[in-house]
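Data first, discussion second: the structure below is written as structure tokens.
Residue numbers (the numbering used here): 1 to 286.
Structure below.
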């Protein structure tokens, strides 16, 4: 196995150790993943080989599988055979090609935080590749799956009025007048690994694609592990439903606008920035 410090491509950091060093696990978007993340961070700061070893040690304990039931493992990017499609390789072998950078670090993290969702995404992606092959464009289904994988927020909500406010770009209702509902009727989990990478250096316009998950009111009485397990099962089932994926719409949500996630949003004037909290086409039509 060839293990080098720098691969090329999306998410590559200039000097990967520098990127790993600045992860702030106290931030609300990183905090749910901090337990395992801190161990992986220390390994990544040691070497590429140490990171892969730590990831594979956890995979051996968890016994997670990928989209076609293969046992999860992590390999160096250089071990991906020439011409092999990334998702198809994961499905057929269980081996996730991983670079020594933040992008792939957070991708690996999601295999443990939401294993069923990751397996469902891999199953759908590899099935689409079987049918259409790997061409210059992914096609609508693969585009939607990739968008979810890279940039999704899971918006868990027990109040249809709040879901409607999100879909309708009604920021004032969702984030100001119904602010007290956050934590008791709705909440967000970051899932997209490219989004997590961007949040290393957060900026006001940083926007995720929210996937709305209807949850029972009792959801907010459960502990964090039970909530994540429920989301993992529910969302993975939806992703495997071909009709649901085709019809489901993402809703843009500026991450720093989430109540409690950024100090400046305590002031309602924070949401007056129309360049970030846009009306949206559907709101304009209404």
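Quick reminder that beta carbons are idealized off the backbone N, C-alpha and C, glycines included.
No experiment lies behind these values; they were computed from the predicted model shown.
For residue 220 and residue 163, the rounded distance between their alpha carbons:
Here the alpha carbon of residue 163 sits roughly 16 Å from the alpha carbon of residue 220.
task = Within 10 angstroms of the Cβ of residue 62, are there 16 or more other Cβ atoms? Answer buried if so, exposed if not.
result = So residue 62 ends up on the exposed side.
Cβ pair residue 233, residue 116 closer than 8 Å = Cβ distance < 8 Å, so residue 233 and residue 116 count as in contact.
key: Span separating the alpha-carbon of residue 270 from that of residue 252   = Their Cα atoms are separated by approximately 17 Å.
Exercise. Is it the case that the Cβ atoms of residue 89 and residue 82 are separated by a distance below 8 Å?
Worked result: No, these two residues do not count as a Cβ contact at 8 Å.
Which value, in whole angstroms, describes the spacing of the CA atoms of residue 178 and residue 161?
-> Using only the alpha carbons, I get a separation of about 10 Å.
Q | residue 40 in three-state terms, based on DSSP | A | Helix at residue 40.
**OP:** Could you check how far apart the C-beta atoms of residue 140 and residue 55 are, in whole angstroms? I think they sit under 8 Å.
**Re:** The beta carbons of residue 140 and residue 55 sit about 32 Å from each other, so the pair does not count as a contact at 8 Å.
* To do: Give the single residue among 95, 37, 238, 43 whose Cα lies nearest to the Cα of residue 65.
  => Nearest option by C-alpha distance: 95.
Whole angstroms is fine: what's the gap from residue 247's alpha carbon to residue 241's? Low per-residue confidence applies at residue 247: pLDDT is 47, beneath 50, and the placement is therefore not dependable, though the value from the model is reported in the following sentence. Straight-line Cα distance between these residues: approximately 10 Å.
Quick one: using the 10 Å Cβ neighbour count with 16 as the cut-off for buried, is residue 11 buried or exposed?
No answer about residue 11 holds up, because its pLDDT of 42 lies below 50 and its placement is not dependable.
- request: Report the rounded CA-to-CA distance for residue 185 versus residue 53, giving the unit in angstroms.
  value: Computed Cα separation, rounded: 40 Å.
### Task
Starting from residue 144, trace the alpha helix (DSSP H) both ways and give me its first and last residue.
From DSSP, the alpha helix (DSSP H) with residue 144 extends over 140-151.
* **Proximal residues to residue 258 (C-beta, below 7 Å), its chain only, five neighbours per side dropped** => So the list reads 188, once near-sequence residues are dropped.
Next on the checklist: With H, G and I counted as helix, E and B as strand and the rest as coil, what does DSSP make of residue 222?
Outcome noted: Coil at residue 222, not helix or strand.
**Study point:** Closest residue to residue 210 among 173, 262, 147, 263 (Cα-Cα distance)
**Key:** The option with the nearest alpha carbon to residue 210 is 147.
- request: Pull up the CB-CB distance for residue 152 and residue 239, whole angstroms please, since I reckon it's below 8 Å.
  value: Rounded, the Cβ-Cβ distance is 10 Å, inconsistent with contact.
ask   = Along the chain, where does the alpha helix (DSSP H) that runs through residue 104 open and close?
value = It spans 102-113 - the alpha helix (DSSP H) in which residue 104 sits, taken as one unbroken run.
query = Using the C-alpha atoms, what's the distance from residue 86 back to residue 21?
reply = Roughly 28 Å separates the two Cα atoms.
| What span of residues does the alpha helix (DSSP H) with residue 90 cover, start to end? | DSSP places residue 90 in the uninterrupted alpha helix (DSSP H) bounded by 86-93.
How should residue 249 be labelled, buried or exposed, when 16 other C-beta atoms within 10 angstroms of its C-beta is the threshold for buried?
Exposed.
* By how many angstroms is the C-alpha of residue 197 removed from the C-alpha of residue 71? -> Taking the CA atoms as reference points, residue 71 sits about 26 Å from residue 197.
- Query: Helix, strand or coil for residue 298 per DSSP?
  - Reply: No information on residue 298 is available, as it lies outside the stretch 1 to 286 that the chain covers here.
* Expressed to the nearest angstrom, what Euclidean distance is found between the alpha-carbon atoms of residue 113 and residue 33? -> Rounded to the nearest angstrom, the two C-alpha atoms are 7 Å apart.
- Item | Contact check, residue 171 vs residue 277, beta carbons under 8 Å | In contact: residue 171 and residue 277 (Cβ atoms closer than 8 Å).
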